[in-house]
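Novice: Residue numbering for the sequence shown is 1 to 279, as defined by UniProt numbering.
From the three backbone atoms N, C-alpha and C, an ideal C-beta is built for every residue, glycine too.
Here the structure is a predicted model, which means the values were calculated and not measured.
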Amino acid sequence: MGLDYYAVLELGRTATDADIKKARGIYDRFGEEGLKGGIPVESGGEDAWTAGYVFHNNPDKVFKEFFGGHNPFAEFFTKDGLEVTLPFGGLRGRGVMKQDPPMVWDLHVSLEDLFFGCTKKMKISRRVMNEDGQTSTIRDKILIIDVQPGWKQGTRVTFEKEGDQGPNVIPADITFVIQEKPHPRFKRTNDDLIYVVNIPLGKALIGCTVDVRTLDGRLLSIPINDIVHPTYCKAVPGEGMPLLEDPRRRGDLLIHFNVCFPKRLPPNKKLLLRSALLS
């Protein structure tokens, strides 16, 4: 039988190196009985044994303090007794290694960049483990995001495990979420571009031409031959945003109108309008 388990635990808690060495020597010479019952003194005699080791603590309490429970192998099994598969690196203290929660950042992009596509370089500072596996250093890293033509607001780009490193820690994922910057001329809805133009009431009734400067710098002259009523919209096919699945195709340009009414009319113009519109 080997050295008494709880005696070893208590020795490991309270004894000095000299005590442990002495106990080891007693065990080597006299076995476990030498530790429990004492060792024979040099003079001999009927009761010529020194006082043995007596364990004064609660063994269940010591066991629980050392292993965090009554079963040191509990973490290797689920509640129904099935074996747990652990990731490389083993246990993290008394628990399975867990990944830090993801880090999410907004990436504000202009409508032109979403029209043409672009490359964004994002500089991050993160904690990196040194070769000793215990200490760490703050280092900068450049993450490159290739923005594709036609990306929409809310598009997510994830860099896996690029967060802070640490001992027994799975670094967090870093996610960038595309956010459209406001544009001075256009508002986007899906793959279409909306352009709002102000025109006077007269042009709304008799027609006009609307000039629109596109995102790629072209000037479109759009004839408006219809009567512009409050819900009227002029669609110009193929002048919207590139389609993500096929950038050679585009959505539509939708022209909405804000009809400006005159604040006052002189009597002679009222007569003209009455004869033209009410006769």
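If I measure Cβ to Cβ from P266 and keep anything under 6 Å in the same chain, skipping five residues before and after, which residues do I get?
Specialist: In the sequence shown, residue 266 corresponds to position 266, counting from 1. Result list for P266: empty, nothing under 6 Å.
Novice: Whether or not the region 238-255 and the region 174-191 are in contact is what I'm after, with contact meaning three or more pairs of Cβ atoms, one per stretch, closer than 8 Å; do they touch?
Specialist: Yes: at least three Cβ pairs fall under 8 Å.
Novice: Alpha carbon to alpha carbon, how far is L86 from L254?
Specialist: Reading the sequence shown from its first residue, position 86 is the one you call residue 86. Reading the sequence shown from its first residue, position 254 is the one you call residue 254. Model confidence at L86 stands at a pLDDT of 44, short of 50, so the residue's coordinates are unreliable and nothing is read from them.
Novice: L114: buried (16+ other C-beta within 10 angstroms of its C-beta) or exposed?
Specialist: On the sequence shown, residue 114 is found 114 positions in, with the first residue counted as 1. With 16 or more other Cβ atoms within 10 Å, it is buried.
Novice: If you draw a straight line from the alpha carbon of G166 to that of D100, how long is it in whole angstroms?
Specialist: Here residue 166 refers to the residue found at position 166 of the sequence shown. Here residue 100 refers to the residue found at position 100 of the sequence shown. So the two alpha carbons sit approximately 10 Å from each other.
Novice: On the DSSP letters alone, give me the boundaries of the beta strand (DSSP E) that L220 sits inside.
Specialist: Position 220 of the sequence shown, counting from 1, holds the residue named residue 220. Note, L220: beta strand (DSSP E), L219 to I224.
Novice: Taking the DSSP output, what are the residues bridged to D132?
Specialist: Taking the first residue of the sequence shown as position 1, residue 132 is located at position 132. None, per the DSSP bridge assignment.
Novice: Measuring CA to CA, which of A204, I194 and G150 is closest to I178?
Specialist: Position 178 of the sequence shown, counted from the first residue, corresponds to residue 178. Residue G150 is the option with its Cα nearest to I178.
Novice: State the start and end residues of the unbroken alpha helix (DSSP H) segment that holds D164.
Specialist: As a working mapping, residue 164 is identified with position 164 in the sequence shown. Counting along the chain, D164 falls outside any alpha helix (DSSP H), and DSSP gives it neither H nor E.
Novice: Per DSSP, what kind of secondary structure is P186 in: helix, strand or coil?
Specialist: As a position in the sequence shown, residue 186 is number 186, starting the count at 1. According to the sequence as given, residue 186 is Phe; it is not Pro. Strand at F186.
Novice: Look up K141 in the DSSP assignment and give the residues it is bridged to.
Specialist: As a working mapping, residue 141 is identified with position 141 in the sequence shown. DSSP output for K141 lists I124 as bridge partner(s).
Novice: Comparing alpha-carbon positions, which option in P102, R250, L273 and P262 lies nearest T175?
Specialist: Position 175 of the sequence shown, counted from the first residue, corresponds to residue 175. Of P102, R250, L273 and P262, the residue nearest in Cα terms is P102.
Novice: Considering just the uninterrupted stretch of the beta strand (DSSP E) at P200, what are its terminal residues?
Specialist: Numbered from its first residue, the sequence shown carries residue 200 at position 200. That run of the beta strand (DSSP E) goes D192 to P200.
Novice: Pick helix, strand or coil for E239, following the three-state DSSP scheme.
Specialist: Translated into positions along the sequence shown, residue 239 becomes position 239. Coil at E239, not helix or strand.
Novice: Considering only C-alpha positions, which residue in the set F261, T135, F159 and C208 is nearest to N168?
Specialist: In the sequence shown, residue 168 corresponds to position 168, counting from 1. Here the closest residue by C-alpha is T135.
Novice: Quick check on DSSP: helix, strand or coil for F261?
Specialist: For the purposes of this step, residue 261 is taken as residue 261 along the sequence shown, with counting starting at 1. It is coil, neither helix nor strand.
Novice: Could you check which residue in I138, K121 and I222 has the C-alpha nearest to that of V128?
Specialist: Along the sequence shown, one-based indexing puts residue 128 at 128. Ranking I138, K121 and I222 by Cα distance to V128 puts I138 first.
Novice: Determine the extent of the alpha helix (DSSP H) in which L273 is found, giving its start and end residues.
Specialist: Mapped onto the sequence shown, residue 273 falls at position 273. Start and end: P267 to L277.
Novice: What does the alpha-carbon distance come out to for the pair T184 and R156?
Specialist: Mapped onto the sequence shown, residue 184 falls at position 184. Mapped onto the sequence shown, residue 156 falls at position 156. Per the sequence shown, residue 184 should be read as Pro rather than Thr. So the alpha carbons of these two residues sit roughly 25 Å apart.
Novice: My output table needs one value for G98: the three-state DSSP class, helix, strand or coil.
Specialist: Stepping through the sequence shown from its first residue, residue 98 is reached at position 98. Strictly speaking, residue 98 in this sequence is Lys, with Gly absent from that position. In the structure shown, K98 sits in coil (DSSP, three-state: anything other than H, G, I, E or B).
Novice: Measure the C-alpha to C-alpha separation of E160 and P171 and round it to an integer number of angstroms.
Specialist: Locating residue 160 in the sequence shown gives position 160, counting from the first residue. Locating residue 171 in the sequence shown gives position 171, counting from the first residue. Taking the straight line from one Cα to the other gives about 8 Å.
Novice: Would a C-beta distance cut-off of 8 Å place T153 and E180 closer than the cut-off?
Specialist: Position 153 of the sequence shown holds residue 153. Position 180 of the sequence shown holds residue 180. Contrary to the premise, residue 153 reads as Gln rather than Thr in this sequence. The answer is yes: Cβ separation under 8 Å.
Novice: Please determine, among R264, E245, L271 and I227, the residue with the shortest C-alpha to C-alpha distance to F257.
Specialist: Position 257 of the sequence shown, counted from the start, is the residue given in the question as residue 257. Minimum Cα distance to F257 is reached at I227.
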